[in-house]
Structures are given as C-alpha cells and as structure tokens.
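Below: one structure, written as structure tokens.
Number of protein chains: 2
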Amino acid sequence: MRLLLIGATGTIGSIVHEELKEDAEIITAGIDQADLLVDMTSTESITQMYKQTGTVDAVINTAGIEHYGLLQEMTPEQNQIAVQSKLLGQINLVLLGMDTLSDNGSFTLTTGILMDDPIVKGASAAMANGGIRAFVQTAALELPRGLRINHVSPSILEASVEKNGAMFQGFEPVSAKRVGLAYRKSIMGAQTGKGFYVY
Amino acid sequence: MRLLLIGATGTIGSIVHEELKEDAEIITAGIDQADLLVDMTSTESITQMYKQTGTVDAVINTAGIEHYGLLQEMTPEQNQIAVQSKLLGQINLVLLGMDTLSDNGSFTLTTGILMDDPIVKGASAAMANGGIRAFVQTAALELPRGLRINHVSPSILEASVEKNGAMFQGFEPVSAKRVGLAYRKSIMGAQTGKGFYVY
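Protein sequences, first through last, are from chains A and B. Letter by letter, the first sequence follows residues 1 to 199 in my numbering. Letter by letter, the second sequence follows residues 1001 to 1199 in my numbering.
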C-alpha cells in the first residue's frame, strides 16, 4: 500500500505517519522537510506534486492553515487564509488528484470540531471545516472506480493544549492514538462520504 | 423597520419582498433592477452599497450563484464561482456590514438543502452552503450590540421545479409561503446562530 501524506510533519500528520508507517509505504509532502514539496494554495504546485507521486492508494491531507481572530476585526483578506488553504487547498487536492489514485483508493481530508462546537475567534476556521464536510458528502456520490472520500474532524489534541488550550475552554483534549485510529479507519476501512469525529 | 434585501429580484428575494413589504421599508439591492446596484463578489462594491443605505434593521441576502457540474469535470476555477459569490460574498456582507445595522439588528443569509441531502453535480454548492452554516454559528457568538445572524436553508421551491426539478429527484418542493415565513422568523424573531430549514 502506498500513501501520499500531505502535511506529514505537522502535529496531526506526524500522528498519521506513526499510525500507518508499519502498514504502508508513505510518501510525505509538505511545504518543507518532506519527500515532495507542495504549496496547497497553488493548483500548479498540487499538479506538480501529483506528477511525481505515481499511483497511490490513498491521499491523506492533514495540512491547512486558518486565521483565528475576532469577527469584528476580521478582514476579508484574513478570511482568505483559510479559504485558500484549508478549504480550497483540500478541495483542489481532490479535483486534481482523482487520476492519481488506484481503483478503490481514498481521499482523507481534515476538518475540526469548530464547525460543530463554535468558539470566539473561530469563524473562519469553522467556515472552512463546514465547507469541507459538505463537499465530502457530495463528492462521495460521484467518485469513479470505487474511490472513496472521508474527513476526520478532531477536537483539540492533548499535544496542543499547552499552546492553544486557552482558546478551547472546556474542550476535552483527545489523544494522538484516537486521532490516528480515525485516519486509519478512513484509509483502511470501506466507508465513504463520512466524517469521523474525534470528540 | 428598514430592511436591506440583496438579491431582491431573484426567486427567493421576490418571496422575501412579498412576505415583508407590508411590515417594513425595503431597500433592494442587486446586480440590476434594484434601488442599489451591488456585485457581491467585490468587497469594494459591498462597501459602496453600505455607504448608501444608512442604518438598517436587517440585512437579508438571497443572492449568490454556484456552478453545478460533475465532480470529475469540475475545475478549480469553476468551483471559485460559488466561493466568490455564495460563500465569500455572503461572509463579506457580514464582515463589512456590522456597522450598518442598528442595535439588535440582524443578518439573514441563504444556504440550501444540498449541504444535508447531496445530489450529483452539487459538490460546489454544498461546500458553499456548509461553509456559511458553520460561519453563522460562530459569528453569532461574537456579534456586538445585540446583533443577530441566522441562515435560511430552503429545499427546491415549487416555482423552480420546472427548470431544475430533474436534478432534484425525489425532493419535496416547498411553497413560497413556507420559505417566506422562515425569513420572517429570522428577521422578526429573536433567535441567533440558527439555521431555519425549509425541508
């Protein structure tokens, strides 16, 4: 099994790598420190990445950035950060990547709890996540050759509490193991069009 | 009561206008045939519109376009149609319009059933609607001065069956009256952060 893991050096990407490294050959991609360099906000860069991967059995994206800020201070330009990265970056990985997947291969995208359990400063992140969830549900109807697509929606990770916990008051941090299992289920299982919620 | 209704001449906009015309002064806005001309894909145009409205008690958007097409044929550029219009157009009406609303005023945005009940060719529309739903839920936490925000999510309208019914197989068409009431509830009621689903 060959997997393409975008965002492999990030917090979640590292978890996915650890979870699956014994079961698959993992090609890593990211803005640095990866087998393949890719800027997910650029369709040209995504296309270039796929030209180098060869056929893979799963594309997993754990990358994507978002602006966290007060609604009253947020500019349309700041909102574009999540639009170009977490929202359109992930969608373009699908639109441009279908031919790279082997029959019955899968896409696994990443959303997050803020679309279900909102916090102050989280409007832009919630937007991107909610958009991906709805996209995934529809895309699953149309993918050819038995291809599948799901998203994993984690709550705040235990490893992120020290850095980001103040914004996530009262959220129950989730373990790396639980997050890794959700990606494993999406990649190795048979379901499609689903969200795997690690809440 | 003074309302700003963007998309007033469209199918849903006309319904909202009919529903509320006895109860409010309605300033219409749109790409043509309106009191104020606005291109919701342009932040400059939105800002210019708000400069001309004076203070209003509600901003209602029923405008926004989307590309309907097969996922396998959809280009990133085609997906941008809904991103710039239905998704970011609506969000920018909020980001740039807070100061235009009177205390306790409201925003009412428009989503749609495809984020909950997907159809072939509907991935881009679903994405935009799902993004707006999540944005609304978070924005409601942060709006100042008692401002409210909701979205109305209609199914296919009876009036649209002749034109679009073939894509919406098995969907129960909804009456103009039900759709109008949902907007009335959002504008005249007290709830915030909600979706009013006309399914």
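Glycine included, every Cβ here is placed at the ideal spot set by N, Cα and C. Predicted, not measured: the structure shown is a model, and the values here were computed from it.
Exposure of residue i, with buried meaning 16 or more beta-carbon neighbours within 10 Å
i, result
"B:S1124", "buried"
"A:N104", "exposed"
"B:S1085", "buried"
"B:E1066", "buried"
"A:K163", "exposed"
"A:R133", "buried"
CB contact check: residue i to chain E, cutoff 8 Å
i, result
"A:R133", "Here chain E cannot be found, since the structure's protein chains are A and B."
Where the beta strand (DSSP E) through residue i begins and ends
i, result
"B:G1180", "First-last for B:G1180: 1176-1188, but that is the alpha helix (DSSP H), not the beta strand (DSSP E)."
"B:L1088", "B:L1088 -> not in any beta strand (DSSP E); alpha helix (DSSP H) instead, spanning 1088-1095."
Simplified DSSP state of residue i, which is helix, strand or coil
i, result
"A:L101", "strand"
"B:P1154", "strand"
"B:I1149", "strand"
"B:I1027", "strand"
"B:S1160", "helix"
"A:T55", "coil"
"A:L143", "coil"
"A:S106", "strand"
"B:I1006", "strand"
Under 8 Å between C-beta atoms of residue i and residue j
i, j, result
"B:M1040", "B:G1064", "yes"
"B:Y1199", "B:I1113", "yes"
"B:I1081", "B:F1107", "no"
"B:L1143", "B:M1188", "no"
"B:I1015", "B:V1179", "yes"
"A:T11", "A:S160", "yes"
"A:T100", "A:T47", "no"
Alpha helix (DSSP H) segment containing residue i, residue limits
i, result
"B:G1195", "Counting along the chain, B:G1195 falls outside any alpha helix (DSSP H), though it belongs to the beta strand (DSSP E) covering 1195-1198."
"B:L1070", "Neither: B:L1070 is in no alpha helix (DSSP H) and is coded neither H nor E."
"A:T62", "Looking at the DSSP string, A:T62 is not in any alpha helix (DSSP H), and its letter there is neither H nor E."
"B:L1020", "1011-1020"
"B:E1172", "No alpha helix (DSSP H) holds B:E1172; DSSP gives it neither H nor E."
"B:P1076", "1076-1082"
Expected contact under 8 Å - CB spacing of residue i and residue j to nearest Å
i, j, result
"A:A126", "B:F1135", "6 Å"
"A:N61", "A:I26", "No, A:N61 and A:I26 are not in contact; Cβ-Cβ is about 13 Å, not under 8 Å."
"B:V1094", "A:V83", "That pair is no contact at about 15 Å."
"A:T43", "B:P1076", "5 Å"
Heavy atom of the ligand HEM within 7 Å of residue i beta-carbon
i, result
"B:A1176", "As for the ligand HEM, it is missing from this structure, which has no ligand bound."
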